[in-house]
Amino acid sequence: MDKISVAQARQVEAVGREVRLQGWIRTRRDSKGGFSFLELNDGSCQGNVQILADASLPNYQSEILHLTAGCSVTVDGVVRASPAKGQATEVQAQAVTVHGWADAAKYPLQKKGHSMEFLREQAHLRPRSNTFGAVARVRNCICRSIHDFFQEREFLYIHAPIVTASDCEGAGQMFRVTTLDLGKLPRNEQGEIDYTKDFFGRSTYLTVSGQLEGEIFACALGKAYTFGPTFRAENSNTSRHLAEFWMIEPEMAFYELTDNMDLAEAFLKRICRDALERCPEDMKFFAERIDKTAISTLEGVVKSQFVRLSYTEAVEILLKCGQSFEFPVAWGTDLQSEHERYLTEQHFKLPVILYDYPKAIKAFYMRVNDDGKTVRAMDVLVPRVGEIIGGSQREERLDVLESRMKEHKLDPSAYWWYLDLRRYGTVPHSGFGLGLERTVQFVTGMANIRDVIPFPRVPGSADF
RNA sequence: UCCCCGAUAGCUCAAUGGUAGAGCAACCGGCUGUUAACCGGUUUGUUGUAGGUUCGAGUCCUACUCGGGGAGCCA
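Going by my numbering, the first sequence runs without a break in its numbering and finishes at 1105.
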């Protein structure tokens, strides 16, 4: 007897095999004809396998007739073709062993649909629901695609530190890391908190980006990517923000901005294509239950060519489009969400890559164009989610970078090691950052980012 | 953090300032190679918290908590 997954048992190739299945009951239907139907799920796929439990089983009256959603069982039996509609196969049980009961009067998950808000409060049980099982599988598929994509292109997977002493990475508020006793802080002579007494001998924080470390490795080994947790202490309360999220940051030596855009486009297409090919059942579920356009959107991404548009051209389109916006469009100001959404959702109905932004609204490390007014930045915008990738060609010229840091009122001495990369053997290089959860949102159609990460951390909430 | 909306049974929701209800779930019974099964019956409440107005508050007012939508910041 082979132990197989529900996914395997649902395939017609399994017919005739004597197998062991282990998982959780989703529902039970009794027939007074003398048997019961059990729907068994083990997480291996979206669908359940139907178990036929005959009244002749020794524990039929005592146990099987009391099985409810959530009970855990081992089923030994024979896979056979199902005579009824709804499934290709079913399993005739020879033995059903109950491992754990789930009191139906108390078990929070019912057979019928629950709201996402309710399931979020049951984060320890929600992976047992159809939706969150599908999200978990697709999230896993996306992570696999990410590694496959870069590994096949000879990128090195680099582990950037999670604790960082760099308090000026410029990407928002940071979480402080300390072992100091908050009720008894050491003070120096000026009465300020004395961080030299802290664990690392200085102020430390959770990372907001692995980019600078990625640049170090790209400027030594050519192509690198980081893939790890990222922390932002911003008080953001939206369906697209988390305080703890996962980010992928490739960084490539000898890549200019167009190479960077080519890579980003190929990258997103690979993720979408793999989701369609490797998770067809889950994607069908998302299209039926979550977002009707889930599959067609991904097919569109795979087939289409992304629109590439300079910031200046985008501003011209927005000024001429006749659409009324809450915020006015003007060259030199950052585009608002409504502007970005108009471009990707209405005007082009495609992913859009915007590039060459005004330098005043972008980070210090982005390469200054010859016009002196714009920098080699790019944002990839997708329908419904908005900005999914942000990247740039990095400023590789030491003197330009130093003057840019001064413009941003940053102290170059704090970045001595970053500047060393330009001081010794500098190269043109580029990179970008992709938010994993926003990607999962885009692929699945899930509306809230809190529902595409197992245990969301947001302002005021770190449950589970 | 700002703007708007919401919180009523285990879940999803209804209830003109005047006796708190339905569907689903659960439980009991019936029926059936069933498919979110179906049919009949039974049970289910500190109406988010704390104040206030009123003869009377689920309903009106204030504050707070939590949730949702939008905005900002961004990935």
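We treat Cβ as the ideally placed atom computed from N, Cα and C, and that holds for glycine. Keep in mind it's a predicted model, so treat the numbers as computed, not measured.
Measure the alpha-carbon distance for residue i versus residue j and round it to whole angstroms.
{"i": "Arg-939", "j": "Lys-825", "result": "One detail in the question is off: residue 939 reads as Leu in this sequence, not Arg. Cα to Cα, Leu-939 sits roughly 55 Å from Lys-825."}
{"i": "Thr-1067", "j": "Trp-665", "result": "57 Å"}
{"i": "Thr-974", "j": "Asp-1011", "result": "20 Å"}
{"i": "Ile-1094", "j": "Arg-785", "result": "16 Å"}
{"i": "Tyr-1065", "j": "Glu-854", "result": "16 Å"}
{"i": "Pro-870", "j": "Ile-803", "result": "7 Å"}
{"i": "Asn-700", "j": "Glu-986", "result": "57 Å"}
{"i": "Ala-955", "j": "Leu-984", "result": "8 Å"}
{"i": "Asp-1104", "j": "Arg-658", "result": "44 Å"}
{"i": "Phe-1096", "j": "Phe-790", "result": "27 Å"}
{"i": "Trp-972", "j": "Glu-1043", "result": "26 Å"}
{"i": "Tyr-798", "j": "Cys-860", "result": "14 Å"}
{"i": "Asn-901", "j": "Leu-1077", "result": "18 Å"}
{"i": "Ala-894", "j": "Gly-842", "result": "34 Å"}
{"i": "Val-660", "j": "Ser-672", "result": "24 Å"}
{"i": "Leu-750", "j": "Val-942", "result": "36 Å"}
{"i": "Ser-685", "j": "Ala-777", "result": "11 Å"}
{"i": "Asp-903", "j": "Leu-909", "result": "10 Å"}
{"i": "Val-719", "j": "Val-732", "result": "5 Å"}
If you drop the 5 nearest sequence neighbours on each side, which residues of the same chain put their C-beta closer than 8 Å to that of residue i?
{"i": "Gly-813", "result": "Val-849, Arg-873, Ala-874, Glu-875"}
{"i": "Arg-881", "result": "Val-1026, Gly-1027, Arg-1079, Gln-1082, Ile-1090"}
{"i": "Val-714", "result": "Gln-663, Gly-664, Trp-665, Ile-666, Leu-679, Leu-681, Leu-708, Val-737, Thr-738, Val-739, His-740"}
{"i": "Glu-979", "result": "Phe-966, Glu-967, Phe-968"}
{"i": "Lys-838", "result": "Leu-821, Pro-827"}
Compare the Cα-Cα distances from residue i to each of the options and report the closest residue.
{"i": "Cys-712", "options": "Asn-700, Ala-743, Ala-696, Arg-661", "result": "Ala-743"}
{"i": "Thr-953", "options": "Ala-725, Ala-650, Arg-1017, Pro-1024", "result": "Arg-1017"}
{"i": "Phe-868", "options": "Ile-857, Gly-1074, Phe-947", "result": "Gly-1074"}
{"i": "Ser-677", "options": "Ala-734, Gln-649, Gln-652", "result": "Ala-734"}
{"i": "Ser-1071", "options": "Thr-899, Leu-708, Lys-1000", "result": "Thr-899"}
{"i": "Gly-1032", "options": "Trp-1058, Asp-997, Asp-1052, Asp-839", "result": "Asp-997"}
{"i": "Gln-1034", "options": "Met-1007, Gln-763, Gly-727", "result": "Met-1007"}
{"i": "Ala-907", "options": "Lys-944, Arg-761, Ser-685", "result": "Lys-944"}
{"i": "Val-1099", "options": "Ser-877, Ser-703, Ala-777, Glu-856", "result": "Ser-877"}
{"i": "Val-948", "options": "Lys-925, Leu-693, Ile-994", "result": "Ile-994"}
{"i": "Lys-644", "options": "Asp-717, Lys-910, Ser-685", "result": "Asp-717"}
{"i": "Arg-721", "options": "Ala-935, Arg-651, Arg-930", "result": "Arg-651"}
{"i": "Trp-887", "options": "Val-1041, Glu-897, Gly-688, Ile-1030", "result": "Ile-1030"}
{"i": "Tyr-748", "options": "Arg-761, Gly-754, Leu-766", "result": "Leu-766"}
{"i": "Gly-674", "options": "Ser-697, Gly-684, Gln-687", "result": "Ser-697"}
{"i": "Asp-1020", "options": "Pro-999, Gly-1013, Asp-1040, Lys-1014", "result": "Pro-999"}
{"i": "Ala-1004", "options": "Lys-1050, Arg-982, Leu-960, Gln-964", "result": "Lys-1050"}
{"i": "Ile-912", "options": "Ile-936, Asp-932, Val-656", "result": "Ile-936"}
{"i": "Leu-991", "options": "Gln-946, Gly-1013, Gly-963", "result": "Gln-946"}
{"i": "Glu-892", "options": "Gln-649, Ile-857, Asp-932, Trp-1057", "result": "Ile-857"}
Residues bridged to residue i by DSSP?
{"i": "Asn-689", "result": "Looking at the DSSP assignment, Asn-689 forms no beta bridge with any residue, so it has no partner."}
{"i": "Ala-694", "result": "Ser-677"}
{"i": "Ser-1033", "result": "Ala-1018, Gly-1072"}
{"i": "Trp-1057", "result": "According to DSSP, Trp-1057 bridges with nothing at all."}
{"i": "Lys-864", "result": "Met-893"}
{"i": "Phe-872", "result": "Glu-885"}
{"i": "Leu-682", "result": "It is Asn, not Leu, that sits at residue 682 in the sequence shown. DSSP lists Trp-665 as partners of Asn-682."}
{"i": "Pro-999", "result": "Thr-1015"}
{"i": "Thr-738", "result": "Thr-715"}
{"i": "Asp-643", "result": "Val-660"}
Apart from the five residues just before and just after residue i, which ones in its own chain have a Cβ nearer than 7 Å to its Cβ?
{"i": "Val-779", "result": "Ala-916, Cys-920, Asp-923, Val-1081, Val-1084, Thr-1085"}
{"i": "Glu-795", "result": "Lys-864"}
{"i": "Glu-897", "result": "Gln-1034, Pro-1069, Ser-1071"}
{"i": "Asn-771", "result": "Gln-687, Phe-926"}
{"i": "Ala-928", "result": "Ala-935, Ile-936"}
Please report the Cβ distance between residue i and residue j, rounded to the nearest whole angstrom; I am assuming they are in contact, meaning their Cβ atoms lie under 8 Å.
{"i": "Val-653", "j": "Ala-764", "result": "At roughly 36 Å, the Cβ-Cβ gap does not stay under 8 Å, so Val-653 and Ala-764 are not in contact."}
{"i": "Ile-958", "j": "Ile-889", "result": "Contact doesn't hold; Cβ gap of about 30 Å is too wide."}
{"i": "Tyr-846", "j": "Val-818", "result": "6 Å"}
{"i": "Asp-1092", "j": "Arg-761", "result": "7 Å"}
Near residue i, what residues of its chain come up, given a Cβ to Cβ distance below 6 Å and the 5 sequence neighbours on each side ignored?
{"i": "Phe-840", "result": "Thr-820"}
{"i": "Leu-862", "result": "Leu-797"}
{"i": "Gly-851", "result": "Ala-801, Thr-867, Glu-890"}
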